[in-house]
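**Student:** Structure in structure tokens, see below.
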Amino acid sequence: MHILDDLQWRGLIKQSTDIENLKEHLSSGMRTIYSGFDPTADSLHVGHLVPLLMLKRFQLAGHKPIVLVGGATGMIGDPSFKATERSLNTEKTVLDWTKKLQNQTSAFVDFNCGDNAALAVNNYDWTKSLNVISFLRDIGKHFSVNMMMNRESVKLRLERDDQGISFTEFSYTLLQGLDYKELNKQHNCTIQIGGSDQWGNIMSGVDLTRRMNNQHVHALTLPLVTKADGTKFGKTESGAVWLDPKKTSPYTFYQFWLNIEDVKVEEYLKIYTFLSHDEINAVMKEQNEAPHLRHGQKTLAEEMTRLVHGEEALNSAKSITEALFKGTLTSLSQNDIQQLKQDGMPFTFLEGNEFTLLEAITNADIAPSNNEARKLIKGNAIALNGEKITDAEYKLSKENALNGVHILKKGKKHWHMIEMES
RNA sequence: GGGGGGAUGCCCGAGUGGUUAAAGGGGGCAGACUGUAAAUCUGUUGCGUAAGCUACGUUGGUUCGAAUCCAUCUCCCCCCA
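Here it is in structure tokens:
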């Protein structure tokens, strides 16, 4: 099967330059393909995973991926579809984040497989020595401001009467355009992929490469992944779902996928996993026959957790899930509890040997204030060691603990372990 | 350089001297139903047990009383040059 047909089946193609041409281009040799990631935070999140895994898909199909981390573009800020101007991060921050993203991205493609081994680059390398005059003369001359202003991606910023756009952000697309042109020159890169919001920036590169390198290169964008309600995918109540286990624990990560809405399971299996068509069809057959068993969600959660955090972390995540949602808390052994703690269940140690429920909740940061904690307790939202408690003054001590700890549950699925002095 | 508009709670947004901890919507959280799903319905959403305290860009002022009036500063937007 041609890689493009597979991608099409997975719903991974949104827009592209002449698709027949691109298909032929991919069939007729090993191609070099790139995608860029700007350091806008100290970790990637599940949204970044789509293009990153796409690079991997191309690598598996025999092509050579380049993972670009935007040390330079990250200094400027991409205005595409952003409603407001962003404040600039300091040079030190960007540098720090750049390093972190470089480490993260390298886990998803193979840098050691011969001819089509992946390459990691940083656009800071070819922009740092650029001087203003040559940038404006050599690069800037190829861009029409009229055209740039017509871009859908900056329309919001040009039309809203309470928002503007700085020259800094407006110029962003020139830098990204330059990246493509450079990678084409240095590595004969002929395909760039990115989210559909990147179409404009990618086209800047396609145009610039044609003008400066006299090369016709390709562009391919991926659809924006959304939730069932149409909003952006990858957010939970506590923010983005990060790939960094220190920011989003493997257990939380696993749970995130396990909680996917039914109507989205098939879509995400196709977009995010490397399961074959047959495997996905088989999973969905089971899912549709018995949706309440959530075989689809389970498969998705397993595949993703294994991919991002590894087999061991997956097993931990599964065992916590098992203990919390299947068994009864009172049956947990001392060992199980140690395991839960190790596997990343939120944990707080309290100094003292007796606390009211209210104190325990606020001290463990389960609620931001006493007021909030009271509301939760009154609202029947708190369970202690498996039993609902509605008395804020209920006393927690060593005596009524489970093997030395208290396990608090807020709502349906937020757990917290509390240990106190003996 | 000149002229005009604006800054309100997580976000959008109403409010133009007291009944405003601040309408409405979104989002969040929680409850019911369920399958750790979706949809729906309900409650809640500054801090404080409470009295009360702190809040409407900054600082100061007018007033018995200000998010609302005046001055100042900061920032943003639009138009003209």
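For the first sequence, the residue numbers in this note's numbering are 754 to 1175.
Cβ atoms here follow ideal geometry from the backbone N, Cα and C, with glycine treated the same way.
#1: Quick one: what does DSSP say TYR787 is sitting in, helix, strand or coil?
#2: My guess is that ASN869 and LYS817 are in contact by the Cβ rule of under 8 Å, so how many angstroms apart are they, rounded?
#3: Does the distance from the CB of GLY827 to the CB of THR851 come in under 8 Å?
#4: Using only CA atoms, which one of ALA1076, PRO1003, THR1026, SER957 lies nearest to GLU935?
#5: Less than 6 Å between C-beta atoms, sequence neighbours within five positions excluded: which residues of the same chain meet that for MET965?
#6: In three-state terms, what does DSSP make of SER1150?
#7: Relative to the C-alpha of VAL822, which residue among LEU848, PHE834, ILE886 is closest?
#8: Look at ALA1126 and THR1143 and say whether their C-beta atoms are less than 8 Å apart.
#9: Do HIS1159 and ALA1113 have their CB atoms nearer than 8 Å?
#10: Does the separation of the CB atoms of MET807 and ILE946 fall below 8 Å?
#11: I'd like the list of long-range same chain contacts for SER1139, defined as Cβ closer than 7 Å, with 5 residues on each side in sequence excluded.
#12: Can you tell me the Cβ-Cβ gap for HIS895 and LEU854, rounded? I've got them flagged as a contact below 8 Å.
#13: Taking only runs that begin and end inside the stretch 941–1026, name each unbroken beta strand (DSSP E) of 3 or more residues, in chain order.
#14: Decide yes or no for the touch test of the stretch 1001–1009 against the stretch 1018–1029: beta carbon pairs closer than 8 Å, at least 3 of them.
#15: Between which two residues does the alpha helix (DSSP H) holding ASN1124 run?
#16: Can you grab the Cα-Cα spacing for the pair THR1230 / HIS1169, in whole Å?
#17: Could you tell me the distance, in whole angstroms, from the CA atom of CYS866 to the CA atom of SER780?
#18: Output yes or no for whether 8 Å exceeds the beta carbon distance between SER906 and PHE834.
#19: Report yes if the C-beta of ILE772 is less than 7 Å from at least one heavy atom of the ligand SAH; otherwise report no.
#20: Apart from the five residues just before and just after ILE1033, which ones in its own chain have a Cβ nearer than 8 Å to its Cβ?
#21: Taking the beta carbon of THR974 as the centre, do at least 16 other beta carbons fall within 10 Å, making it buried, or is it exposed?
**Tutor:** Straight from the coordinates:
#1: strand
#2: 4 Å
#3: yes
#4: SER957
#5: LYS934
#6: strand
#7: LEU848
#8: no
#9: yes
#10: yes
#11: A small correction: the amino acid at residue 1139 is Gly; Ser does not occupy that position in the sequence shown. Excluding residues within five positions, the ones whose Cβ falls inside 7 Å are THR1081, LEU1082, THR1083.
#12: About 29 Å separates the two Cβ atoms, so there is no contact after all.
#13: 942–948, 971–975
#14: no
#15: 1123–1131
#16: No answer is possible for residue 1230: it lies beyond the span of the chain, which begins at 754 and ends at 1175.
#17: 20 Å
#18: yes
#19: No copy of the ligand SAH appears in this structure; indeed no ligand is present at all.
#20: GLU1019, LEU1022, LYS1023, THR1026
#21: buried
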